């Protein structure tokens, strides 16, 4: 890396320039649109080469280098790229969104301006039941009939909330106070700017099946419509190494290695030592154990024998 | 600074230990209580001495050193102290709170658990009018009669919101979705942990008269009841150098220096060059100019002549 | 989570209080010692319970909950604990150290004070050869004889550097300038404060076999002597889920699943599609491919067949 | 702020595009060059308008709005702009540089690659004496003759350092270890990416007269050659409100107000209460007091009477 005197052209990505400013619709009245960006796959490679040496200089190696970086969590080169979005989101999804502290944010202020006159409305077929397995998740849809009732009561309630807000504003109540009873799903808007490393972290968490459906819809649009166009090599590597990855703990690895070696008894011994094979005195069955259930799922995904199931 | 072999006692602050766990009430149903802390004024001094040299070793200098650090914005020694609070706050105030990205947060999850059954209720005499000067602020109270009406309609509305939430939960709607129409002022709880430097920044902004009343109430309790007990020297310096400080721009400084020298014409010339003395062609009066109005306020605070007012 | 009125005792960890202030020696003249801390395993659990619900309240579950958090990268509860160290480190190791941006630092200033009169000296048997496999790493030791020569020339050179520094200081050269030719391995000292989440990230990277030996020595002491005493449950989980973990990409998982199912051809096809099985036209052998080599190592660790090796 | 469907052109700044890639020389062998950027003055304004309301929509107001933001430390809109530089810097200056934790960095690795064969050489007329007033600063130049001696001994020493490094590399010593005795002023290179808010903070500290000359040279080039071209309105406001500003504490403000009102006795009383007017029992003169000296300097800058000097 030596100082070069030549004039540089500014990096640009044609596929992104084509969608600059175009809103992608999300939910009933939300959207995401690209406002600006900085860098591309080549900027990641350029940064990695200054850090990780000049050994891999051929253009053909770019894909391999990006995959290497992501696989081994060498994350700093991905910070060299930056994305800026304009989003319109229900406030309850936005609260989850801004828990990611590593982004820059300018949000529409309902102290300065009258609140946006829209709240997210749930359609009759979109009311979800509480998941039993997953304390924080949803499961199937409610019966359409029940859903219809809830959609109607919601519409009426949101109208009542809006009227109340309007009455206060008209009576001269301060905007910052008048808004206090608006529903959590009232829409807000913001500029959101984040670097590629932090964006991938956001997407890994928010495109995940454990994320709430509403924010998943946003994350999926950002990932598949914007990031995939922007940095295609990084996106491919991300899908392979992060999004679809399987993580094994040291203990899990030991159990799999014993299974791999055909030593079922050794595998059982490791699990027993880890406390995963305790037996209920009452029923004689294995006691419920979360870690054991997780390794069973992993063994099954890899088509390997679960050593404590005959 | 040389390695020392002696065993250290753990720093503690008696005045804080006395209030560990005690809730300070805020608003109608909110609170702040201290859960844990690390460091004290002496930890700030200790850190400063390693950076800024061994020149000021006497205990009597601690106060002077802390004042020096704060005055000159040498902020890193203040990062050596840490505070951890348990807070109960309406979600609309909490949204402002967590915009401060440099803290650690664990918040009560309404995906995992049923939402807290309380929303902040505004008393009849606490409805505030919109400020005319300050687009984001409040001014006086509304007439009690009007306020009474608003308090009543709010209570009814909040009850309706709660009923709606309850109906959904009972019908098996997922908690993460059932909550979507709860009012913004529904209470939440959280652990909030922050270092002293970032806490002072938070307090400077949120104890300010431009901050919304609700979050000011929290910030004021944290500042006066907790920080003042914890790091009394830092708190005194903060009040002097940050909270009550006056900032002059280069141009303002030049105008004041001209006034100080008795050269009113020079002062006028500087203001004119800055574009602050434009005259309305219609009225012949000075056009409204925000920067001029601000320097006028500063001149008045310092009992100095405003050079363009005779 | 409801406001409680009872007074809280301040969390403390006896095993840590015993080593407060005790220096652990590192390298020839470096050290690490604990200055203060905040929180413990119970603070992690407490924070997790406010976020992740009240479902797992029994004390017996603490270990399971901490393991769950670490396994699923729910990292915010670990931010509730904080550690503060006093370290003495060669500047070249310190440069790697402070690349971790999420800590608070106050370092000894060689602008304010005369530089510490010590540089790290490498013993005759500690000169390492350049690794061939690993561009950034070291391999075996150099022959003792060669090492002896290097240790002697280093001692003479460091003495010369010190003399030069001293000459400049005595002639009145500013300290900030006089230091410019000191060796990179000159010792510095600092206070370093970091939360447990960021500390674990630091340890995962710096205790790793790819980290430079010098900083590994520091990281290992911090991990095994301090963190293991401080938060034993977290440390155990960390060793299992982070330090000894095995990560499989989506493609690797698919190959392992095919091997697990006994379908060697399918496994080969996946690797071929991924471009890992290209044949050299010259030799007829598989071309060198980093990703293939890594999955081979993983298959071997799990005692599974490498499907392209007969 | 409503979703707009029109296609946006990507923001660009012609004056910056002209210098993309052009190295600005710093010190004897260092440089700074612009690699990429995102946003401009208009992006700051755009972000401010979404937060601070639609009241100030006229293009003519952009300058006023930016000045308002900077004056009142509304910093988030400045985070919407991003700058990426390629720098070549002596490691001792670079250590100060990367203490700013809010930037993204990829640095040339002397573990992967052979160290850059250049160290910063100080010319005969550039050896500075230690400042007496300012513990961390420099004062005048040393006599040319003395300087010549130091430049010669430095050149010989740096050559010796390089030879030693070369001997080690040739004998097969690992690069990560061979480098340990290189002088602190050995050059390194890096990509450095930072948002405008954090960049202004960096410049405020590093262009300051208390900063070390070497890093000031870099900061000044970045400020005057790059930032001034990039965001001219922001730069103008920065120079006025930050770089040339004067800060008064509450106590200082009270003293100035008393002086402004002509009440010298009241001013003295305030200073006395603050402990600034203590008299030496020995000499009968005022004791040295740093805070008093600072307010005296401020009074003098404003051409106001120092109330305790007759």
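Protein chains in written order, with the numbering used here: chain A, 1 to 310; chain B, 1 to 310; chain C, 1 to 310; chain D, 1 to 310. All residues carry an ideal CB built from backbone N, CA and C; glycine is no exception. Since this is a predicted model, take the numbers as computed values, not measurements.
{"Check": "CA-CA distance, residue 62 of chain B and residue 204 of chain D?", "Outcome": "27 Å"}
{"Check": "By alpha-carbon positions, which one of A:256, A:275, A:93 and A:32 ends up nearest to residue 298 of chain A?", "Outcome": "A:256"}
{"Check": "Is there a C-beta anywhere in chain C that falls below 8 Å from the one on residue 286 of chain A?", "Outcome": "no"}
{"Check": "Would you mind reading off the limits of the beta strand (DSSP E) that contains residue 130 of chain A?", "Outcome": "128-130"}
{"Check": "Going by other Cβ atoms of all chains shown within 10 Å of its Cβ, with 16 needed for buried, is residue 144 of chain A buried or exposed?", "Outcome": "exposed"}
{"Check": "For residue 118 of chain C, which of helix, strand or coil comes out of DSSP?", "Outcome": "coil"}
{"Check": "Compare the C-beta of residue 38 of chain B against all C-beta atoms of chain C and say whether one is closer than 8 Å.", "Outcome": "yes"}
{"Check": "On the DSSP bridge assignment, give the partners of residue 86 of chain A in chain order.", "Outcome": "A:33 and A:191"}
{"Check": "Look at the alpha carbon of residue 147 of chain C and the alpha carbon of residue 234 of chain B, and state the distance between them as a whole number of angstroms.", "Outcome": "53 Å"}
{"Check": "Any Cβ of chain B within less than 8 Å of the Cβ of residue 261 of chain D?", "Outcome": "yes"}
{"Check": "At 9 Å on the CB atoms, spell out the chain D contacts of residue 291 of chain B, in chain order.", "Outcome": "64, 67, 68 and 71"}
{"Check": "Check whether the Cβ of residue 173 of chain D lies closer than 8 Å to any Cβ atom in chain C.", "Outcome": "yes"}
{"Check": "Which chain B residues sit within Cβ distance under 7 Å of residue 84 of chain A?", "Outcome": "Here the premise fails: no neighbours, minimum Cβ distance about 17 Å."}
{"Check": "With H, G and I counted as helix, E and B as strand and the rest as coil, what does DSSP make of residue 331 of chain A?", "Outcome": "What the structure shows of chain A is the stretch from 1 to 310, and residue 331 of chain A is not part of that stretch, so it cannot be assessed."}
{"Check": "Output needed in chain order: residues of the segment 219-244 of chain C with a Cβ under 8 Å from some Cβ in chain A.", "Outcome": "239, 240, 241, 243 and 244"}
{"Check": "For a contact meaning CB atoms closer than 8 Å, what does residue 248 of chain B contact in chain D?", "Outcome": "245, 246, 247 and 248"}
{"Check": "Let me see if you follow: with CB-CB separation under 8 Å, is residue 108 of chain C close to chain B or not?", "Outcome": "yes"}
{"Check": "Among the residues of its own chain, which have a CB less than 7 Å from the CB of residue 265 of chain D, if the five just before and after it don't count?", "Outcome": "none"}
{"Check": "What are the residues of the segment 108-136 of chain C that lie near chain D, defined by any Cβ-Cβ distance shorter than 8 Å?", "Outcome": "109, 111, 112, 119, 120, 122, 127, 128, 129, 130, 131, 135 and 136"}
{"Check": "Could you name the residues of the segment 135-152 of chain A whose beta carbon sits closer than 8 Å to any beta carbon of chain B, in the order they occur along the chain?", "Outcome": "135, 136, 137, 138, 139, 142, 146 and 150"}
{"Check": "The beta strand (DSSP E) spanning residue 107 of chain B covers which residue range?", "Outcome": "104-107"}
{"Check": "Using a beta-carbon distance below 8 Å, is residue 301 of chain C in contact with chain A?", "Outcome": "yes"}
{"Check": "So the beta strand (DSSP E) residue 26 of chain A belongs to, where does it begin and stop?", "Outcome": "24-26"}
{"Check": "Should residue 75 of chain B be flagged as near chain D, meaning a C-beta pair shorter than 8 Å?", "Outcome": "no"}
{"Check": "Closest by CA to residue 236 of chain D, which one among D:71, D:122 and D:290?", "Outcome": "D:71"}
{"Check": "Give every residue of the same chain whose Cβ lies closer than 7 Å to the Cβ of residue 123 of chain D, excluding the five residues on either side of it in the sequence, and list them in chain order.", "Outcome": "151"}
{"Check": "Could you give the DSSP three-state label for residue 331 of chain B: helix, strand or coil?", "Outcome": "Because chain B spans 1 through 310 in this model, residue 331 of chain B falls outside it and cannot be assessed."}
{"Check": "For residue 163 of chain C, name the three-state secondary structure that DSSP assigns.", "Outcome": "helix"}
{"Check": "Name the chain C residues that come within less than 9 Å of residue 183 of chain D, Cβ to Cβ?", "Outcome": "161, 180, 181, 182, 183 and 184"}
{"Check": "In terms of alpha-carbon separation, which member of D:74, D:109, D:133 and D:213 lies closest to residue 107 of chain A?", "Outcome": "D:74"}
{"Check": "Curious, which full-length beta strand (DSSP E) runs of at least 3 residues does the segment 216-286 of chain D contain?", "Outcome": "246-248"}
{"Check": "Distance, Cα to Cα, residue 242 of chain D vs residue 199 of chain D?", "Outcome": "13 Å"}
{"Check": "Is residue 271 of chain C close to chain A? Criterion is C-beta to C-beta, closer than 8 Å.", "Outcome": "no"}
{"Check": "Taking 6 Å as the limit between beta carbons, can you name the residues of its chain near residue 238 of chain A, skipping five residues before and five after?", "Outcome": "200"}
{"Check": "Quick check: what's the CA-CA separation for residue 17 of chain A versus residue 300 of chain C?", "Outcome": "46 Å"}
{"Check": "Can you tell me which of the three DSSP states residue 171 of chain A falls into?", "Outcome": "coil"}
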